[in-house]
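>
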Amino acid sequence: MEKLAVKEMLEKQGFIDEQVDPKLNLVKEIKRLKAEKNAVILSHYYVEGDLQDIADFVGDSLQLAQAAATTEADMIVFVGVHFMAETAKIINPSKKVILPDLKAGCSLAESAPADKFAEWKKQYPEHQVISYINCTAELKTMTDVVCTSSNAVKIVNSFPKDAKLIFAPDKNLGNYINSLTGRDMVLWDGACMVHEQYSVEKIIQLMDEHPDAEFIAHPECEKPVLLLAKHIGSTSSLLNYVQESTGKKFIVATESGILHQMNKACPDKIFIPAPGNDSTCACNDCSYMKLNSLQKLYICMKHEQPEVRLSAEVIEQAKVPIIRMLEISK
Ligand code: 13P
Ligand code: SF4
200 MEKLAVKEML EKQGFIDEQV DPKLNLVKEI KRLKAEKNAV ILSHYYVEGD
250 LQDIADFVGD SLQLAQAAAT TEADMIVFVG VHFMAETAKI INPSKKVILP
300 DLKAGCSLAE SAPADKFAEW KKQYPEHQVI SYINCTAELK TMTDVVCTSS
350 NAVKIVNSFP KDAKLIFAPD KNLGNYINSL TGRDMVLWDG ACMVHEQYSV
400 EKIIQLMDEH PDAEFIAHPE CEKPVLLLAK HIGSTSSLLN YVQESTGKKF
450 IVATESGILH QMNKACPDKI FIPAPGNDST CACNDCSYMK LNSLQKLYIC
500 MKHEQPEVRL SAEVIEQAKV PIIRMLEISK
């Protein structure tokens, strides 16, 4: 293929091959583009600290969906992962939604391909579906109500006690919510690659070395890890907990990006990332979230791409369970 044709093809897919002047003040340029284009920058707690600091709003998945639903900006710049940007487009389709890297996926969303899920669901014709927001737009079209880690209990409890329910795609969160609500939801077999890699043995060893530390965990972690935790909650819940606790030291089992906000909110406290099975990798970093960078943010705002595009049909169908979630979460 001609070099030019390859370039055009890549650009259509949202890849922009641009050399950025290393002397450029990216923060200043991003702020200029934001004002010029009437854009809002929404960041998840898991992206790098410099990206959290430049955002108009930093939050957990629910807070970000709420912010996307109510923004008056013309363009939403989503510094997170693809399913989050997709959710923003679904709930506010008149806005242009862009993200710094189209390849920023999610192992949970990828664990539940829509066609495989549809086939699997045929075994449970009477069941209603609750989907964790970490899933594709296509999966949301097959969903009754979406939930996040901060409202999952409330969403599940909004169904009658005897309702037959499927929870997808995170089996760990589903299992945890089953234990809290006394339900027996059928679980899709998906998991997050970051939250699945924690080592119970190494956490216990670290707790022994730091008897004054509180161990806290995100509910995407596996059950043996959750059983050790003093507090279990979504990213925003973990952040609130460390601020309210009288404790001075915390072992944190979730993606490392949250430590940026914890350190900012409590500079006098100590936060230790929970150890994983493999001490040679940076496994507490979500490789998808970490695809975002200031440079990619600048390039995407300058060219207004890659853009999230979804068919009107998918938006119409996927919007219903997200709006239900927002209504129940009020
Ligand atoms: P929350 O933002 O709901 O805590 O979820 C974390 C997560 O895995 C986002 O990908
Ligand atoms: Fe997905 Fe896990 Fe990364 Fe969150 S941390 S985006 S659930 S892979």
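When we follow my numbering, the leftmost residue of the sequence shown carries the number 200, and every step to the right adds one.
Backbone N, C-alpha and C fix where the C-beta goes; we use that ideal spot for every residue, glycine too.
In this text the structure is predicted, and so the values were computed from the model without any measurement.
Does the region 459 to 471 touch the region 267 to 279, meaning 3 or more C-beta pairs lie closer than 8 Å?
No: the two stretches stay apart, fewer than three of their Cβ pairs being nearer than 8 Å.
> Can you grab the Cα-Cα spacing for the pair Ala367 / Glu408, in whole Å?
Translated into positions along the sequence shown, residue 367 becomes position 168. Translated into positions along the sequence shown, residue 408 becomes position 209. C-alpha separation (whole angstroms): 37 Å.
> Put Met274 into one of helix, strand or coil per three-state DSSP.
Locating residue 274 in the sequence shown gives position 75, counting from the first residue. Three-state result, Met274: strand.
> When DSSP builds the beta bridges, which residues end up paired with His195?
This structure leaves residue 195 out entirely; the chain is present only between 200 and 529.
> So, are the CB atoms of Val424 and Ala452 less than 8 Å apart?
Within the sequence shown, numbered from 1, the residue matching residue 424 stands at position 225. Within the sequence shown, numbered from 1, the residue matching residue 452 stands at position 253. In this structure, Ala452 lies closer than 8 Å to Val424 by Cβ.
> Taking only runs of the alpha helix (DSSP H) that begin and end inside the region 437 to 488, which ones reach a length of at least 4 residues, in chain order?
Listed in chain order, the complete alpha helix (DSSP H) runs (minimum 4 residues) inside the region 437 to 488 are 457 to 464.
> According to DSSP, is Leu386 helix, strand or coil?
Taking the first residue of the sequence shown as position 1, residue 386 is located at position 187. In this structure, Leu386 counts as strand in the three-state DSSP scheme.
> Classify Cys480 as buried or exposed, calling it buried when 16 or more other Cβ atoms lie within 10 Å of its own Cβ.
Start at 1 with the first residue of the sequence shown, and residue 480 comes out as number 281. Exposed, by the Cβ-count rule.
> Which of the three DSSP states, helix, strand or coil, is assigned to Lys363?
For the purposes of this step, residue 363 is taken as the residue at position 164 of the sequence shown. If DSSP states are grouped into helix, strand and coil, Lys363 belongs with coil.
> With a threshold of 8 Å, are at least 3 pairs of Cβ atoms found where one atom belongs to the region 293 to 313 and the other to the region 321 to 329?
Contact fails: fewer than three Cβ-Cβ distances are below 8 Å.
> Have a look at the DSSP bridge pairing and note the partners of Glu413.
Stepping through the sequence shown from its first residue, residue 413 is reached at position 214. For Glu413, which the question treats as bridged, DSSP gives the partners Phe449.
> Beta-carbon within less than 6 Å of Ile431's beta-carbon, same chain only, minus the 5 sequence neighbours each way: which residues are those?
The residue labelled residue 431 in the question sits at position 232 within the sequence shown. These residues qualify, in order along the chain: Ala416, Pro418, Leu425.
> Tell me whether the beta-carbon of Ser348 lies closer than 8 Å to the beta-carbon of Leu372.
As a first step, residue 348 is located in the sequence shown; it is residue number 149 there, counting from the start. As a first step, residue 372 is located in the sequence shown; it is residue number 173 there, counting from the start. Contact flag set, yes.
> Exposed or buried, Pro221, counting other C-beta atoms within 10 Å across all chains shown (16 or more means buried)?
Counted from its first residue, the sequence shown places residue 221 at position 22. Exposed, by the Cβ-count rule.
> How would you call Glu515, buried or exposed, if buried means at least 16 neighbouring beta carbons within 10 angstroms?
Along the sequence shown, one-based indexing puts residue 515 at 316. When all chains shown are included, Glu515 counts as exposed.
> How big is the Cα-Cα spacing for Trp319 and Gly248?
Here residue 319 corresponds to residue number 120 of the sequence shown, with the count starting at 1. Here residue 248 corresponds to residue number 49 of the sequence shown, with the count starting at 1. About 40 Å.
> Can you tell me whether Tyr497 is helix, strand or coil according to DSSP?
In the sequence shown, counting from the first residue as 1, residue 497 sits at position 298. In this structure, Tyr497 counts as helix in the three-state DSSP scheme.
> Shorter than 7 Å, the distance from the beta carbon of Ala280 to the closest heavy atom of ligand 1, or not?
What you label residue 280 is simply residue 81 of the sequence shown in a count that begins at 1. Reading off the sequence shown, one finds Val at residue 280, where the question assumed Ala. Yes, ligand 1 has a heavy atom inside 7 Å of this Cβ.
> Evaluate contact between the region 488 to 507 and the region 284 to 300, counting only Cβ atoms and requiring at least three cross-stretch pairs below 8 Å.
Short answer: they touch.
> Is the beta carbon of Ile450 less than 8 Å from the beta carbon of Ile403?
What you label residue 450 is simply residue 251 of the sequence shown in a count that begins at 1. What you label residue 403 is simply residue 204 of the sequence shown in a count that begins at 1. No; because the gap between Cβ atoms is not below 8 Å, this pair is not in contact.
> Would Asn333 be called buried (16 or more neighbouring beta carbons within 10 Å of its own) or exposed?
As a position in the sequence shown, residue 333 is number 134, starting the count at 1. Asn333 comes out buried.
> Beta-carbon separation of Cys346 and Asp369 under 8 Å?
Within the sequence shown, numbered from 1, the residue matching residue 346 stands at position 147. Within the sequence shown, numbered from 1, the residue matching residue 369 stands at position 170. No, they are not a contact pair.
> Rounded to a whole number of angstroms, what is the C-alpha to C-alpha distance between Pro520 and Thr342?
For the purposes of this step, residue 520 is taken as residue 321 along the sequence shown, with counting starting at 1. For the purposes of this step, residue 342 is taken as residue 143 along the sequence shown, with counting starting at 1. So the two alpha carbons sit approximately 6 Å from each other.
> On a CA-only basis, which of Lys294, Ile522, Ser455, Lys501 is nearest Tyr397? Give me that one, please.
Numbered from its first residue, the sequence shown carries residue 397 at position 198. For Tyr397, the nearest C-alpha among the options comes from Ser455.
> Using beta-carbon positions only, say whether Lys529 and Ile290 come within less than 8 Å of one another.
Translated into positions along the sequence shown, residue 529 becomes position 330. Translated into positions along the sequence shown, residue 290 becomes position 91. Contact flag unset, no.
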